[in-house]
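Heads up, the thing below is written out as structure tokens.
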Amino acid sequence: MGAEAVRVSTMEPPPNFEMVDVGIYRSGFPEPANFDFLDSLKLRSIVYLCPEKYPETNVGYLRSRGIRLFHLGTDGNKEPFMTIPKDLITNALSVLLDIRNHPVLIHCKRGKHRTGCLVGCFRKLQNWCLSSVFEEYQRFAGAKSRIADLKYIEMFDVTSIRQCLLGIIYQYHHTCGSQVRRLAYQERS
1 MGAEAVRVST MEPPPNFEMV DVGIYRSGFP EPANFDFLDS LKLRSIVYLC
51 PEKYPETNVG YLRSRGIRLF HLGTDGNKEP FMTIPKDLIT NALSVLLDIR
101 NHPVLIHCKR GKHRTGCLVG CFRKLQNWCL SSVFEEYQRF AGAKSRIADL
151 KYIEMFDVTS IRQCLLGIIY QYHHTCGSQV RRLAYQERS
């Protein structure tokens with residue numbers, strides 16, 4: 001063999017990676033070693049929840065693949081005075097609900113607290129019972145689970161978002177022989 005470097009594809013997911021729903025994924029911060037895996041998801045969008053600037057290496061990756069970055073940076077819920085702004089979660093939920101952004105990856109630094117709060121609020125929109133929402137949050141947060149996050153999820157009011165959803169209808173598309181739920185916006189006259 002010559003001195004040529006052989007590129008080996010590694011399919012290593014980012015930490016705390018999991019599918020949330022059809023076209024929606026969650027994880028910790030993706031590193032360059034995770035880019036091949038992310039390619040397999042064919043992402044259209046990323047929701048980044050940290051306040052820090054997105055690293056240039058990751059920005060270059062997104063640009064080269066035409067992936068849209070929604071930088072909705074915030075500090076996490078830390079007692080007694082730090083809470084995630086409600087409008088930030090509402091904006092993030094609107095990104096998740098718009099199928100034009102799918103497939104979408106939600107992430108913060110470790111995929112635990114900020115990501116867990118957003119996913120927990122998304123689960124409330126899906127009418128999950130609160131105990132199941134908390135169990136999912138705690139599965140990802142582990143020993144680092146924050147009472148402030150659980151309180152935030154519990155107190156987050158999804159009624160205003162549900163009212164906005166009245167203008168949205170579900171359409172079913174046949175994909176691979178199965179019905180996949182999709183959201184479509186009604187045209188307003």
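Quick note on full-length UniProt numbering: the sequence shown kicks off at 1 and runs consecutively. Heads up, the beta-carbon is just placed ideally off N, CA and C, and yes, glycines get one too. Quantities reported herein were computed from a predicted structural model and do not represent experimental measurements.
Compute the Euclidean distance between the alpha carbons of residue i and residue j, then round it to the nearest angstrom.
| i | j | result |
| --- | --- | --- |
| Asp149 | Arg65 | 33 Å |
| Asn91 | Arg100 | 15 Å |
| Met155 | Val20 | 21 Å |
| Gly111 | Asn127 | 22 Å |
| Val133 | Met11 | 29 Å |
| Phe37 | Arg26 | 13 Å |
| Leu49 | Gly23 | 18 Å |
| Arg68 | Phe140 | 25 Å |
| Ala33 | Glu136 | 26 Å |
| Ile147 | Asp87 | 21 Å |
| Asn16 | Val47 | 15 Å |
| Leu97 | Ile161 | 10 Å |
| Gly60 | Lys151 | 37 Å |
| Ser94 | Tyr54 | 21 Å |
| Thr57 | Asp39 | 15 Å |
| His71 | Pro13 | 21 Å |
| Lys109 | Glu18 | 15 Å |
| Gly142 | Glu31 | 22 Å |
| Glu52 | Ile153 | 23 Å |
Looking at the secondary structure, which residues open and close the alpha helix (DSSP H) in which residue i lies?
| i | result |
| --- | --- |
| Tyr152 | Ile147 to Met155 |
| Tyr54 | Segment: none, Tyr54 is in no alpha helix (DSSP H) and carries neither H nor E. |
| Glu31 | Run containing Glu31: none; DSSP gives neither H nor E here. |
| Gly116 | His113 to Leu125 |
| Ala143 | From DSSP, Ala143 is part of no alpha helix (DSSP H); its letter is neither H nor E. |
In this structure, how does DSSP classify residue i when only helix, strand and coil are distinguished?
| i | result |
| --- | --- |
| Asp98 | coil |
| Ala92 | helix |
| Ile161 | helix |
| Val22 | coil |
| Glu12 | coil |
| Phe134 | helix |
| Arg110 | coil |
Just curious, the beta strand (DSSP E) that residue i is in, first and last residue?
| i | result |
| --- | --- |
| Leu41 | Where Leu41 is concerned, there is no enclosing beta strand (DSSP E), although the alpha helix (DSSP H) it sits in stretches over Phe35 to Leu41. |
| Leu69 | Arg68 to His71 |
| Leu105 | Val104 to His107 |
| residue 190 | Outside the displayed span of the chain (1 to 189) sits residue 190, for which this structure offers no information. |
Which whole-angstrom value is the C-beta distance of residue i and residue j, which I expect to be below 8 Å?
| i | j | result |
| --- | --- | --- |
| Val104 | Leu125 | In fact, because the Cβ distance is near 15 Å, the residues do not count as touching under 8 Å. |
| His107 | Phe29 | 6 Å |
| Ile84 | Arg114 | 7 Å |
| residue 190 | Ile89 | No information on residue 190 is available, as it lies outside the stretch 1 to 189 that the chain covers here. |
| Ser145 | Gln138 | 5 Å |
At least 3 beta-carbon pairs within less than 8 Å: the region 117-131 vs the region 34-44:
no
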